[in-house]
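Encoded as structure tokens, the structure appears first; notes follow it.
In full-length UniProt numbering, the protein residues as written are 1 to 408.
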């Protein structure tokens, strides 16, 4: 049988057959049964132990060739909600899924059965040109929920982050992402060590533990909490989950799989620290200040905590402030006599814990120094392992707590 005849029989190009015969690539797994039948051999005999090796330990495999079926043989098929088939990195139609960043996702329930002692994840993704990458957002794949949390591969301030919910510091890529460019991302875990790869190269590694989640579904293109910012905006392809730690050579093999020729990554813009809000809010809040202090309080929160005024102090002595993607801060005037009844003495109030926690991406030591210069009091910086907590009291008698997670 000639290369042309074989290519026509299985629906690929003669060049692909030539590359396969010379060991440079392998055809789509969807045609393996046809090849096996043509040559009257088993798949392992057809491709040898090398091909069998890269598939060893698969817990789930989503190649997205026209659907979201699991091609690993484990039967963990995905249900597509809104996502549309699109071209993959080879420009082949109906071979990846596009997510609109609004409400598209794929859910796998029950989730793939993963093991706690070893784990790997491999996926291709491309961010849409209009994707908003500020803040913490754009979940590529996640398995987490209110009952049990395992992992989340998402985006934080224009870099990809592997997040495990405050168990240990996150793994993060330092180089910012370029839009409209295909990335291969791989994460491995074995012997208490996580490793993060980008386009076939090891980027970072650190110790940690992997918690298996047997209760929550696996989500592709979102996180379980349905937060708008976490819907992925772009294309996802070739997601593979393993019950073993694939090697560095295997990561590179997956990156170059099917004859992929690496492309030069475009230069991405860096978000400077000055353009990042000091705080990321977790909830709205309302605080009371003395009528004579309201303008000073608004100015202080804007200058030192990154709030943006939406409504300046009015005749009703009320001001509204907001953070980028964060909470609303309502500053109210309270008569000094009413305020005295609401607040305890300065000494007692200073010991009260902050009623809320914010997350900051600023350098925590530099932020501490800036707050001291700005008149903050009772500053207390604590190392909690996964991050730093900075407690302080502003000049208007209100306690704050800022969390700076350790990443990378």
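C-beta: ideal position from N, C-alpha, C; glycine also.
As the structure is a computational prediction, the values presented were derived from the model and not from experiment.
For residue i, does the three-state DSSP call read helix, strand or coil?
i: residue 206; result: strand
i: residue 391; result: strand
i: residue 164; result: coil
i: residue 292; result: helix
i: residue 63; result: coil
i: residue 212; result: coil
i: residue 303; result: helix
i: residue 298; result: helix
i: residue 54; result: helix
i: residue 368; result: helix
i: residue 347; result: Reliability of the predicted coordinates at residue 347 is poor, the pLDDT of 47 falling under 50, and the value obtained from them is presented with this limitation in mind. In this structure, residue 347 counts as helix in the three-state DSSP scheme.
i: residue 25; result: With a pLDDT of 47 at residue 25, under the threshold of 50, the modelled position of that residue is not reliable, and the figure given next carries that caveat. Of the three classes helix, strand and coil, the one that applies to residue 25 here is coil, per DSSP.
i: residue 49; result: Low confidence applies here, because residue 49 scores a pLDDT of 46, under 50, leaving its location unreliable and the question unanswered by this model.
i: residue 399; result: strand
i: residue 342; result: Residue placement at residue 342 is poorly supported in this model, since its pLDDT is 47, which falls under 50; the coordinates still yield a value, given next. In the structure shown, residue 342 sits in a helix (DSSP, three-state: H, G or I).
Which residue or residues does DSSP assign as beta-bridge partners of residue i?
i: residue 322; result: 308 and 328
i: residue 118; result: 190
i: residue 196; result: 187 and 204
i: residue 181; result: Partner(s): none; residue 181 has no beta bridge.
i: residue 123; result: 185
i: residue 377; result: 393
i: residue 333; result: 289
i: residue 405; result: 387
i: residue 82; result: 105
i: residue 154; result: 161
i: residue 220; result: 106 and 141
i: residue 70; result: Beta-bridge pairing links residue 70 to no other residue.
i: residue 171; result: 162
i: residue 100; result: 233
i: residue 358; result: 402
Given a cut-off of 8 Å, decide if residue j and residue i are closer than it, judged by their beta-carbon atoms.
i: residue 105; j: residue 210; result: no
i: residue 318; j: residue 307; result: no
i: residue 77; j: residue 83; result: no
i: residue 202; j: residue 171; result: no
i: residue 224; j: residue 215; result: no
i: residue 111; j: residue 258; result: no
i: residue 141; j: residue 255; result: no
i: residue 169; j: residue 382; result: no
i: residue 286; j: residue 222; result: no
i: residue 368; j: residue 390; result: yes
i: residue 377; j: residue 304; result: no
i: residue 266; j: residue 181; result: yes
i: residue 164; j: residue 208; result: yes
i: residue 177; j: residue 268; result: yes
*Kindly confirm or deny that the segment 89 to 97 and the segment 129 to 145 touch, where touching means at least three C-beta pairs closer than 8 Å.*
no
*For the segment 98 to 118 and the segment 229 to 243, state whether three or more C-beta atom pairs, one from each stretch, are separated by less than 8 Å.*
yes
_beta strand (DSSP E) runs wholly inside the segment 230 to 269, at least 3 long, in chain order_ = 233 to 242
*Indicate whether the contact test is met: 3 or more Cβ pairs, each with one atom in the segment 177 to 186 and one in the segment 240 to 258, closer than 8 Å.*
yes
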